[in-house]
Amino acid sequence: MRLLPQFLTLIQRWRPCFADYRTHRRAVGFALSLLVCLGRRTISRAICAQQRQFQSWASDYKLFSLCRWSPRSLFDVVLNLALGLVPTTQPVVIALDDTITRKTGHRIPNASTLRDPLSPPYHTNLVWALRFIQAVLLICPIDGIGAARAIPVAFNLAPPVPKPKKKKTPVNASVGSNANTDAKLKKVDKKPTDPEWKQYYQMRRQQGLSAQGALLIQEIRSRLDAIADFTQRILWVVVDASYCNLTVLSRLAERTVLIGRTRKDIHLSALPEAQSGPGRRRFYGKDLGTPEQMRKDDSLPWQHTTIFAAGRSHQLRYKSIGPVLWRRGAQRRALRLIIIAPLAYHAHGHRLYRQPAYLLVSDPAADVVQVLQAYFYRWEIEVDQKEEKDLLGVGQAQVWSKQAVSHQPAFHVASYAMLLLAAIQCFGLNSTTALSRLPHWRIPKPPLRLSAAQLIARLRSELELLDTSHSSFRRPPSSDFPRAALEKQIGMKIPVTIRAILDSAWT
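Numbering (this note's numbering), first residue to last: 1078 to 1584.
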């Protein structure tokens, strides 16, 4: 099966998301051109890849800045298609994480100064960027052996709450070298009693990163409830320590389980013992100490299991303690603590160990082995974000409209999700049958699945085959790849040609 026809067929399911068929056709052209064009993924380069650089480009920019369509409607189509690939014996596993896209324009709406995640541990750097929260659906193998695929199902703009500006008060100039100046401005430090700062702290609790993550989890749960076959399915949400806190745990919806990494120094308690007679009821039992202390406690035995991570199976040691209570982070909600022993690895002839991990599960009755495998599968969202920013150029489009700033990156990520779904339907979850000839240095360790770079190369080669089979004078049009039948199926001409991609590479 060809990848290009399957991708274009899936894109046709976006037709109800747009009010006009012409807007949908324009969206199909951008979905394909933003994937296969060369260089920076800007709007102008995508226009050139569609051979429309000599026409008015106003409608192309208005697709993202003025047209009334919702990114959620695009991801709803992606979610409905991806849920059909989830085995019925497994829970629905969602991974959640935030990412930034660097910017240079200081008039871009919602752009702000954020912490650079690539900063060294001994020095925090700041960057001017936009922040997004991304959710992916993990398509896991049925037998549990092999890598998972992360299909993006949400990409929401998540700007930070703006801080109030520091007040400045005039100070009389002192006699000396600066005596000729009229006044100086002295910054006043923030005070907890200031009403502006009180309002800021309140808004940060209501609209901060954790609050926006909790809102996205509730939104995904409601989207599952709208599908008849998934109303009663359990939703697992795997997060890092940024979302494992009271803000998220207190807002979990029904049939939703949070699996989050936590710190090693939190204080946990046991469940209270049964009480009889008069007196105040206890909500918390005896103090269990910190996760780090439990890891070093020899009275708690280690257990062993096998998990798949980093391309192969690993023997994993872990401790499972539960139910426990986290007074500051979850209040009276019962949790399960899972302690993962450091994994050993060899580097430069030495045997080294990674850092231990501590997980909290909001459902103490959840299967521990499945929880561990879901946590290690969460790494796939990091792979998605690297491919989206480094390979696909998400966030490189130079848009300044308030709507376009949020809609264009989400549209780009939704197109990437459709490409992954088309690849799974064509070649399977972890298949390499469509690989082209590998370089000599890749032969000793061949890839275990098709990467996004290989899928894009496949799209370009099929576009080239489509062009040559249509315009060649030496041979008749190929029956293996009929252009007329494909254009009739999608109801429009193929908007992108390989010649236009090469001609626009210099722009």
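Note that CB positions come from ideal geometry on N, CA and C, so glycine has one too.
Just so we're clear, the structure is a prediction, and the values are computed from it rather than from any experiment.
When we look at the beta-carbon of L1579 and count the other beta-carbons within 10 Å, is it buried (16 or more) or exposed? exposed
Return the bridge partner residues of D1175 from the DSSP annotation. I1210
Return the residue from the list L1496, K1522 and I1571 that minimises the CA-CA distance to A1534. L1496
Helix, strand or coil for A1104, going by three-state DSSP, please let me know. helix
For L1527, write down the residues that DSSP places opposite it in a beta bridge. For L1527, which the question treats as bridged, DSSP gives no partner whatsoever.
Exposed or buried, which one is S1133 when buried takes at least 16 other CB atoms within 10 Å? exposed
Per DSSP, what are the beta-bridge partners of H1391 in this structure? I1384
Buried or exposed (CB count within 10 angstroms, at least 16 for buried), K1396: buried
Can you pull the DSSP bridge partners for R1298? Note: R1298 sits in no beta bridge, so no partner.
What is the DSSP secondary structure of L1506, reduced to helix, strand or coil? coil
Sub-9 Å separation of P1186 and S1478 beta-carbons: yes
Use the C-beta contact count for L1437: other C-beta atoms within 10 angstroms, 16 or more gives buried, fewer gives exposed. buried
Enumerate in chain order the residues of its own chain whose CB-to-CB distance from I1124 is below 6 Å, with the five nearest sequence positions on each side excluded. Q1130, W1134 and D1137
With a Cβ-Cβ cutoff of 9 Å, do R1455 and L1215 count as a contact? yes
For the alpha helix (DSSP H) containing V1316, name the first residue and the last one. First-last for V1316: L1312 to V1316, but that is the beta strand (DSSP E), not the alpha helix (DSSP H).
Could you say which of R1405, V1155, Y1278 and P1523 lies nearest to P1388 if we only look at CA atoms? Sequence inspection shows Gly at residue 1388; the Pro mentioned does not correspond to that position. Of R1405, V1155, Y1278 and P1523, the residue nearest in Cα terms is P1523.
For W1205, the three-state DSSP class (helix, strand or coil): strand
Which whole-angstrom value is the C-beta distance of V1170 and V1315, which I expect to be below 8 Å? 7 Å
If we require 4 or more residues per run, which alpha helix (DSSP H) segments fall completely within the region 1081 to 1142? 1098 to 1113, 1120 to 1126 and 1135 to 1142
Rounded to a whole number of angstroms, what is the C-alpha to C-alpha distance between F1084 and S1390? 32 Å
By a C-beta neighbour count over all protein chains shown, 10 Å radius and 16 as the cutoff for buried, is H1517 buried or exposed? exposed
Who are the Cβ neighbours of C1321 in its own chain at under 8 Å, not counting the five residues just before and after it? L1335, G1337, R1338, T1339, G1406 and L1437
Name the residue from V1163, L1087 and P1164 whose alpha carbon lies nearest to the alpha carbon of A1104. L1087
Determine the burial state of G1568: buried for a count of at least 16 other Cβ atoms within 10 Å of its Cβ, exposed for fewer. exposed
Would you call S1513 buried or exposed, if buried means 16 or more other Cβ atoms sit within 10 Å of its Cβ? exposed
Going by beta carbon distance, what residues of the same chain come within less than 8 Å of L1151, once the five residues before and after it are set aside? W1091, C1094, A1487, F1488 and A1491
Buried/exposed call for W1583, threshold 16 Cβ in 10 Å: exposed
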